[in-house]
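Trainee: Per the UniProt record's numbering, residue 1 is the first one in the sequence shown, and the count goes up by one each step.
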Amino acid sequence: MSKKLRSDVSLLFELVVKKAVALGIDETIVLLWFPNLQLFHGLAQIWLTNSELHLQPCTINMPVSIQNMFRPPVDCSMCRDVYQVDRVSAISVADFKKRYAYTGHPVVITDSTSNWTALKHFNFPFFKSLYSDDSPTLESIRQGCQFFPYDTEFKSLGEVFNMNAERALLKDKSKPWYIGWSNCDSSVANALRKHYERPYFLPADAESSKTDWVFMGSPGYGAHLHIDHVVNPSWQAQISGHKHWTLEPPPECSLDCRGLEVTVEPGEIIVLDTNWWFHKTLIVGEEISITIGSEYD
1 MSKKLRSDVS
11 LLFELVVKKA
21 VALGIDETIV
31 LLWFPNLQLF
41 HGLAQIWLTN
51 SELHLQPCTI
61 NMPVSIQNMF
71 RPPVDCSMCR
81 DVYQVDRVSA
91 ISVADFKKRY
101 AYTGHPVVIT
111 DSTSNWTALK
121 HFNFPFFKSL
131 YSDDSPTLES
141 IRQGCQFFPY
151 DTEFKSLGEV
161 FNMNAERALL
171 KDKSKPWYIG
181 WSNCDSSVAN
191 ALRKHYERPY
201 FLPADAESSK
211 TDWVFMGSPG
221 YGAHLHIDHV
231 VNPSWQAQIS
241 GHKHWTLEPP
251 PECSLDCRGL
261 EVTVEPGEII
271 VLDTNWWFHK
281 TLIVGEEISI
291 TIGSEYD
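Spelled out as structure tokens, the structure:
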């Protein structure tokens, strides 16, 4: 092993240990798992390149904290010269593809939802009315159905839609809430997409995911700092309310890159690679925040 490679491995080990301690994970786990990191990643790349294993459900659900520790390092050039989240409008497809689509540079597009009816129709009662009692999305019982309770007591989307109207619509002073879900009900997907369309700035050869991701909640709540374990970059449209984003580079890039912050307003779309940027959100203002988004390749 070359001196530089040994140095790189030592630095990576130090970063992994620091991250583990920050997450409250015993350092012993790192000592046991780290020797397998490079071998596991190399074999995984070969395996996934030559199979459709990544399309199959996992046999064992790995805790997110462990996934974060053993994710492959990223190329820090994606954030090295990024000093702010740009806000742009009337951007051409070619310009978006060159500057933002696959570079890791986050951006807010301010004029992409002007002809969407989602801004008038999407609200808590609307979403509740879309799902039948036997919808798989309500209980996350099908592959592709995910529910994110964050810091709430809810265990499923069905429980969310059963909360009392006063709490749902912020008409009392009960506990705030923030949740998210991936829609896996095809009839609901068809209904949702009557009210929004593919963002105009996406390259023609960029295929959008068929999965809609919806996040909704009250002011003062949001998502904790995390990184996603999805395949592609994504866009997220702010339908109502105001959401403040805090972005942090991955630990291996902390010496080369800086953290970023931006508030996304109603009608704007934020585009970023949530596999590279650690991110947290906070709903600000006095309105319920509703966002909808999807991945693109």
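Ideal Cβ placement from N, Cα and C applies to all residues, glycine included.
Quick caveat, the model's predicted, so the values are computed rather than measured.
Excluding five sequence neighbours on each side, which residues of the same chain lie with their C-beta closer than 7 Å to the C-beta of residue 158?
Mentor: 138, 139
Trainee: As a quick exercise: from 227, 225, 201, 135, pick the residue whose alpha carbon is nearest that of residue 183.
Mentor: 135
Trainee: Helix, strand or coil for residue 81 per DSSP?
Mentor: coil
Trainee: Around the C-beta of residue 243, are 16 or more other C-beta atoms found within 10 angstroms, so that it is buried, or is it exposed?
Mentor: buried
Trainee: Does the beta-carbon distance from residue 199 to residue 269 come in below 8 Å?
Mentor: yes
Trainee: Give the secondary structure of residue 180 by DSSP, where H, G and I count as helix, E and B as strand, and everything else as coil.
Mentor: strand
Trainee: Please classify residue 95: does DSSP put it in a helix, a strand, or coil?
Mentor: helix
Trainee: Report the three-state DSSP secondary structure of residue 138 (helix, strand or coil).
Mentor: helix
Trainee: Please give the ranges of any beta strand (DSSP E) in the UniProt domain "Cupin-like" (95 to 252), keeping only runs that are unbroken, at least 3 residues long and fully inside the region.
Mentor: 107 to 109, 146 to 148, 178 to 182, 213 to 217, 234 to 240, 242 to 248
Trainee: Shortest alpha-carbon distance to residue 14 belongs to which of 297, 252, 265, 296?
Mentor: 252
Trainee: Around the Cβ of residue 255, are there at least 16 other Cβ atoms within 10 angstroms (buried) or fewer (exposed)?
Mentor: exposed
Trainee: When the Cα of residue 235 is compared with those of 80, 209, 216, which residue comes out closest?
Mentor: 209
Trainee: Could you give the distance in angstroms between the alpha-carbon of residue 180 and the alpha-carbon of residue 77?
Mentor: 31 Å
Trainee: Is there a Cβ from chain D that is less than 8 Å from the Cβ of residue 208?
Mentor: Judged by its chain identifiers, the structure shown contains no chain D, having just a single protein chain.
Trainee: I need the DSSP call for residue 261, collapsed to helix, strand or coil.
Mentor: strand
Trainee: Please state whether the Cβ-Cβ distance between residue 279 and residue 245 is less than 8 Å.
Mentor: Yes; because the gap between Cβ atoms is below 8 Å, this pair is in contact.
Trainee: Give me the residue from 168, 263, 176, 275 with the minimum Cα distance to residue 123.
Mentor: 168
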